[in-house]
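Participant: Residue numbers for the sequence shown follow the UniProt record's numbering, beginning at 1 and rising by one.
We put the beta carbon where it would ideally sit given N, CA and C, even for glycine.
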Amino acid sequence: MMVTKFYLFILLFIFLTFSSGCVASEGFYSFRNLNSSASGIEFPEHPSFNGVSSTANSDCNYGADEDVGKKQKETVKFDLRHRSAGQKIEAKDSVFKDLSRIQTLHTRIVEKKNQHTVSRIAKSTEKNGIEITPADASPVPESLSYELSGKLMATLESGVSLGSGEYFMDVFVGTPPRHFSLILDTGSDLNWIQCVPCYDCFEQNGPHYDPKDSSSFKNISCHDPRCQFVTSPDPPQPCKSENQHQTCPYYYWYGDSSNTTGDFALETFTVNLTTPSGSEFRKVEDVMFGCGHWNRGLFHGAAGLLGLGRGPLSFASQLQSLYGHSFSYCLVDRNSNSSVSSKLIFGEDKDLLKHPQLNFTSLVGGKENSLETFYYVQIKSVIVGGEVLNIPKETWNLSPEGVGGTIIDSGTTLSYFAEPAYEIIKKAFVNKVKGYPIVQDFPILNPCYNVSGVKNVEFPSFGIVFGDGAVWNFPIENYYIKLEPEDIVCLAILGTPRSALSIIGNYQQQNFHILYDTKRSRLGYAPTRCADA
Numbered sequence: 001m002m003v004t005k006f007y008l009f010i011l012l013f014i015f016l017t018f019s020s021g022c023v024a025s026e027g028f029y030s031f032r033n034l035n036s037s038a039s040g041i042e043f044p045e046h047p048s049f050n051g052v053s054s055t056a057n058s059d060c061n062y063g064a065d066e067d068v069g070k071k072q073k074e075t076v077k078f079d080l081r082h083r084s085a086g087q088k089i090e091a092k093d094s095v096f097k098d099l100s101r102i103q104t105l106h107t108r109i110v111e112k113k114n115q116h117t118v119s120r121i122a123k124s125t126e127k128n129g130i131e132i133t134p135a136d137a138s139p140v141p142e143s144l145s146y147e148l149s150g151k152l153m154a155t156l157e158s159g160v161s162l163g164s165g166e167y168f169m170d171v172f173v174g175t176p177p178r179h180f181s182l183i184l185d186t187g188s189d190l191n192w193i194q195c196v197p198c199y200d201c202f203e204q205n206g207p208h209y210d211p212k213d214s215s216s217f218k219n220i221s222c223h224d225p226r227c228q229f230v231t232s233p234d235p236p237q238p239c240k241s242e243n244q245h246q247t248c249p250y251y252y253w254y255g256d257s258s259n260t261t262g263d264f265a266l267e268t269f270t271v272n273l274t275t276p277s278g279s280e281f282r283k284v285e286d287v288m289f290g291c292g293h294w295n296r297g298l299f300h301g302a303a304g305l306l307g308l309g310r311g312p313l314s315f316a317s318q319l320q321s322l323y324g325h326s327f328s329y330c331l332v333d334r335n336s337n338s339s340v341s342s343k344l345i346f347g348e349d350k351d352l353l354k355h356p357q358l359n360f361t362s363l364v365g366g367k368e369n370s371l372e373t374f375y376y377v378q379i380k381s382v383i384v385g386g387e388v389l390n391i392p393k394e395t396w397n398l399s400p401e402g403v404g405g406t407i408i409d410s411g412t413t414l415s416y417f418a419e420p421a422y423e424i425i426k427k428a429f430v431n432k433v434k435g436y437p438i439v440q441d442f443p444i445l446n447p448c449y450n451v452s453g454v455k456n457v458e459f460p461s462f463g464i465v466f467g468d469g470a471v472w473n474f475p476i477e478n479y480y481i482k483l484e485p486e487d488i489v490c491l492a493i494l495g496t497p498r499s500a501l502s503i504i505g506n507y508q509q510q511n512f513h514i515l516y517d518t519k520r521s522r523l524g525y526a527p528t529r530c531a532d533a
């Protein structure tokens, strides 16, 4: 997908200037109290997992209630926070990565790379007698199983001020533990960090991880059955029988110019455990991760990536022995004040499960394929301004070959709908929005309107109806972008080719508490002032 400099400049301008505020009124929403903020992220000299929360500035009211009050186990909380930065990186890199990522996810599925991996690992596991449960955390007694759920703390920040559309999570790696900021990604599995020696690496904040500085670092041998979890560089390197210490090389790709190559290894990750008396650190040993020596792409500012996909390599899967089979996050408004924080939670959050507006929809796919990475949901229809749109049913279907369908993804910024859904959605907005001149100079985002001089701008409401009847209604700032100071408002939804992947990106997830429950195969979502969570 080719993106001109002009397109990139437009989206650069969008991401750095949008701010929010909304009022609902009978199928329409109004913009109000819009004050944009675009500060950078500051990486403190002595980072910790404890974040500082503050009150969010939101004027959004949400819809119908659903009473969910079942007794649940405790949860694991990670703070999510904005930071101001002394250094800024071009946001056009973030835009290009977002577009490249979509193309890559689609290509990866079409080429059946997941199916290939399943077949390869299935043969290996049958031959070697190993289970596809790679979590190798510190032993937890049966009586204490999942007792740590909801008590692990870290920070998660919006990366918009670094020119990134993703969110960053603080982690401590090695012995002694050292701090690194990694991109949080529910659309991939592999955890990896830029490592010394770094032969070809992108710019990051702080020094690279050096295995020699950690007493707990252990290379995985190419003879180790766990080496089968990763894809080898092309061409594959033969594993020589006479060399029992030969490392396990890996290669993982994300976009046209984004990939990581290095050695597959084990390391200790340290998490902050909250207790009634305060907090204490807990070590999680032998976490599988990639020690990346050649890393290319648009990861500027981060030290690597933390995968939260459904596969066995993800950080979420490897820590299931500590917290169970669910995690949740609440993404703050990406342009909120730099002191605003919210939570990433491993385990069942009691407060979320008691939320009167918590709704669930089923996760689909992944049952036949235990290594499925993505979190698929089944869309039935889309509602614009109270009207259920006539979109062909097959537009939303996930084929047996893994083509099509809809995923929810923290690593993609905007939301994308496959054709003809996108054109139908766009047409519905054009037909329902009256009284504002259409701006023709924004070829990427469409439609755009000039709202100069209008105090309360009204736009149609927007919601998604899932196959099981659940409805997800969005506040206006999650699907419209207001550009300052030109007073131009654009629909923040784009299209993908027919039969391609549809994606609910992190932009539409702002100020919702999102729950991923793989044991019950469901996705939960509740409108929340994430800064207060």
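1) With DSSP run on the structure shown, which of helix, strand or coil describes Thr-175?
2) Any idea if Pro-235 is buried or exposed, counting beta-carbon neighbours within 10 angstroms, 16 or more meaning buried?
3) Output needed for Lys-519: all residues of its chain with C-beta closer than 6 Å, excluding positions within five of it in sequence on either side, in chain order.
4) Ignore the nearest five residues each way along the sequence and tell me which others in Thr-528's own chain have a CB closer than 7 Å to its CB.
5) Please look up how many angstroms separate the CB atoms of Ile-424 and Leu-389, rounded, as I've assumed it's under 8 Å.
6) Anyone know if the C-beta pair for Ile-183 and Leu-363 falls short of 8 Å?
7) Out of curiosity, what's the CA-to-CA distance linking Pro-356 and His-300?
8) Taking Cβ to Cβ, would you say Phe-374 is nearer than 8 Å to Gly-309?
9) Nearest to Gly-467 by alpha carbon, out of Asn-431, Asp-351, Tyr-251 and Val-377?
10) With a cut-off of 8 Å, do at least 3 Cβ pairs link the region 430-450 to the region 400-410?
11) Rounding to the nearest angstrom, what Cα-Cα distance links Ala-418 and Gly-404 in this structure?
12) Restricting to Cα atoms, I'd like to know which of Asn-450, Pro-460, Ser-521 and Tyr-480 is closest to Asp-487.
13) Quick check: what's the CA-CA separation for Val-433 versus Leu-358?
14) Can you give me the C-alpha to C-alpha distance between Ala-531 and Tyr-479, rounded to a whole angstrom?
15) How is Phe-474 classed by DSSP in three states: helix, strand or coil?
16) Gln-194 lies in the beta strand (DSSP E); which residues open and close that run?
17) Which first and last residues belong to the beta strand (DSSP E) in which Ser-321 is found?
18) Considering only the beta carbon of each residue, do Cys-248 and Val-230 sit closer than 8 Å?
19) Just tell me which of Tyr-422, Val-173, Gly-435 and Gly-385 has its CA closest to the CA of Glu-285.
20) Find out if the Cβ-Cβ distance for the pair Ser-342, Val-465 is shorter than 8 Å.
21) When DSSP labels each residue in this structure, what does Asn-295 get in the three-state scheme?
22) Would you mind sorting Tyr-416 into buried or exposed? The rule is 16 or more other CB atoms within 10 Å of its CB.
23) Closer than 7 Å by C-beta to Ser-499: which residues in its own chain qualify, once you throw out the five before and the five after it? Chain order, please.
Facilitator: Short version:
1) coil
2) That one is exposed.
3) His-325
4) Cys-330, Asn-511, Phe-512 and His-513
5) 5 Å
6) Cβ distance not < 8 Å, so Ile-183 and Leu-363 don't count as in contact.
7) 39 Å
8) yes
9) Val-377
10) no
11) 8 Å
12) The shortest C-alpha separation from Asp-487 is found at Asn-450.
13) Here the C-alpha atom of Val-433 lies approximately 30 Å from the C-alpha atom of Leu-358.
14) Each residue's Cα considered, the two are about 20 Å apart.
15) Note: Phe-474 maps to strand in three-state DSSP.
16) Residues 192-194.
17) For Ser-321, there is no enclosing beta strand (DSSP E); the enclosing alpha helix (DSSP H) covers residues 320-323.
18) yes
19) Of Tyr-422, Val-173, Gly-435 and Gly-385, the residue nearest in Cα terms is Val-173.
20) no
21) strand
22) buried
23) Val-403, Gly-404 and Ala-418
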